[in-house]
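Numbering (the working numbering), first residue to last: 7 to 406. A short worksheet on the structure shown next.
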Ligand code: PLP
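This is how it looks when you write it as structure tokens:
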């Protein structure tokens with residue numbers, strides 16, 4: 007059976023080059039990077055080479071890169087490391103749960119938290135950040151690219167505001183790395199999270215950029231690894247893989263890869279919407295990462311659509327992958343003011359590039375054939391759908 011994967015925002019396969027780079031470090035080139043003998047020195051050199059690759063991807067100093075177990079740990083370290091009871095945190099309401107749930111936990115422990123609204127555009131207004139600042143504001147956390155709808159947030163504008171106000175700025179760049187160029191100085195952030203498995207690195211790897219002079223309290227205590235910022239023996243093969251993936255991601259964003267993906271994504275969007283009534287694009291008017299589109303379809307359940315398409319060989323997600331199984335509408339769409347019944351029927355297409363799961367023109371044709379047919383069939387089965395009298399031309403699924 008033909009299988010097409012359009013869920014790259016959930017995870018990507020290891021690039022073959024990444025797998026090849028990691029392989030020897032599991033077996034013959036083993037070592038503990040803290041040991042002083044030959045094996046340890048060899049492991050240390052590999053870890054530091056990987057750190058340089060990650061630093062080049064983020065445009066920072068290697069010493070500012072701390073290896074983590076992924077995006078969730080990076081976000082947790084950034085927030086819990088900087089905030090103490092009595093401090094004020096400003097975060098957007100469309101952050102990933104790695105930020106949102108950490109913020110809620112910190113609120114239980116006496117941190118004051120403001121969640122910023124987003125409008126129908128799915129982007130934060132930097133002026134809302136400025137307006138939310140208080141004398142006790144310690145940290146602003148706004149993601150670089152949203153995982154569900156792909157909207158790029160105005161992080162550089164927010165960075166200027168936080169620098170002016172002298173408060174820390176963290177950005178979750180998990181969905182931006184490998185899709186758009188990242189320059190921590192241009193953003194003006196103090197902390198930035200990435201995760202390896204979103205750009206063809208191994209799952210369970212990631213890094214947090216910590217600007218020189220910023221000293222978050224560690225999450226893990228033990229040995230002196232990562233300059234006392236993250237204890238525990240380094241995940242040598244994982245770090246080597248992350249470094250290789252970072253090097254490839256850097257080349258990808260510097261080339262024409264993102265533009266090619268945008269062409270595929272735009273055709274997918276246009277052709278599906280040309281064939282389906284009462285459907286639209288979330289955040290379609292906003293700047294977005296080039297691989298993502300999130301479409302709404304009235305009169306059906308998103309879960310049913312995801313399952314129907316999976317049975318036909320097309321893998322995608324109804325909202326955030328981390329949310330699948332939940333019946334609640336996505337917090338991102340809810341924050342955008344989308345009505346609950348519409349928010350339940352959304353499909354996130356996230357195309358991959360640079361791996362065995364890379365999207366092709368044939369894959370787009372496959373989706374363009376399957377999705378309208380599945381929507382029509384499910385609508386026919388719906389007791390509330392009475393046929394489409396007109397083509398929906400109003401704003402993208404947003405209540406007024
Ligand atoms: N932040 C964002 C924006 C994400 O999309 C994800 C994963 O989907 C995470 C954080 C968590 O990353 P990880 O899976 O590496 O823990």
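Beta carbons: idealized from backbone N, C-alpha and C, even for Gly.
Report the option in 171, 156, 166 whose CA atom is closest to the CA atom of residue 183. On the chain shown, position 177 is the one that residue 183 refers to. The shortest Cα separation from residue 183 among 171, 156, 166 belongs to 156.
Does DSSP put residue 76 in a helix, a strand or coil? Counting from one through the chain shown, the residue named residue 76 turns up at place 70. Residue 76: coil per DSSP, three-state reduction.
Proximity test, residue 358 beta-carbon vs the ligand PLP heavy atom, cut-off 7 Å: Taking the first residue of the chain shown as 1, we reach residue 358 at position 352. No, the ligand PLP has no heavy atom inside 7 Å of this Cβ.
Which residues neighbour the ligand PLP when neighbourhood means a C-beta less than 5 Å away from any of its non-hydrogen atoms? List them by chain order. 76, 77, 78, 102, 104, 153, 178, 180, 181, 201
Straight-line gap, residue 409 to residue 277 (C-alpha atoms, nearest Å): Not covered by the structure: residue 409. The range shown for the chain is 7 to 406.
Just to confirm, are residue 76 and residue 228 a CB contact at a threshold of 8 Å? Along the chain shown, one-based indexing puts residue 76 at 70. Along the chain shown, one-based indexing puts residue 228 at 222. No, they are not a contact pair.
Contained beta strand (DSSP E) runs [length at least 3] in the stretch 166 to 245, N- to C-terminal order: 174 to 178, 197 to 201, 212 to 216
According to DSSP, simplified to helix, strand and coil, what is residue 396? As a working note, residue 396 is residue 390 in the chain shown. For residue 396, the predicted structure reports a pLDDT of 44, less than 50, and the residue's modelled location is therefore unreliable. The matter cannot be settled from this model.
To the nearest angstrom, how far is it from the Cα of residue 203 to the Cα of residue 249? Position 197 of the chain shown, counted from the first residue, corresponds to residue 203. Position 243 of the chain shown, counted from the first residue, corresponds to residue 249. Cα to Cα, residue 203 sits roughly 12 Å from residue 249.
Assigned secondary structure, residue 103 (DSSP; H/G/I helix, E/B strand, else coil): By one-based count along the chain shown, residue 103 stands at place 97. Under the three-state reduction of DSSP output, residue 103 falls in the helix class.
What is the DSSP secondary structure of residue 402, reduced to helix, strand or coil? Here residue 402 is taken as the residue at index 396 of the chain shown, counted from 1. At residue 402, the pLDDT of 45 sits below 50, so the modelled position is not reliable; the number obtained from the coordinates is stated separately. In the structure shown, residue 402 falls within a coil segment according to DSSP collapsed to helix, strand and coil.
Taking a contact to mean a Cβ-Cβ separation below 8 Å, would you say residue 146 touches residue 96 in this structure? As a position in the chain shown, residue 146 is number 140, starting the count at 1. As a position in the chain shown, residue 96 is number 90, starting the count at 1. Yes.
With a threshold of 8 Å, are at least 3 pairs of Cβ atoms found where one atom belongs to the stretch 157 to 170 and the other to the stretch 293 to 304? yes
Specify whether the stretch 110 to 125 and the stretch 231 to 241 touch according to this definition: at least 3 beta carbon pairs, one from each stretch, less than 8 Å apart. Short answer: they don't touch.
Mind listing, in chain order, the continuous beta strand (DSSP E) runs of no fewer than 3 residues lying wholly within the stretch 88 to 152? The stretch 88 to 152 contains these whole beta strand (DSSP E) runs: 94 to 98, 118 to 122, 143 to 147.
State yes or no: is the C-beta of residue 380 within less than 8 Å of the C-beta of residue 322? Here residue 380 is taken as the residue at index 374 of the chain shown, counted from 1. Here residue 322 is taken as the residue at index 316 of the chain shown, counted from 1. Contact flag unset, no.
Measuring only the C-alpha atoms, how far is residue 135 from residue 122? As a working mapping, residue 135 is identified with position 129 in the chain shown. As a working mapping, residue 122 is identified with position 116 in the chain shown. About 7 Å.
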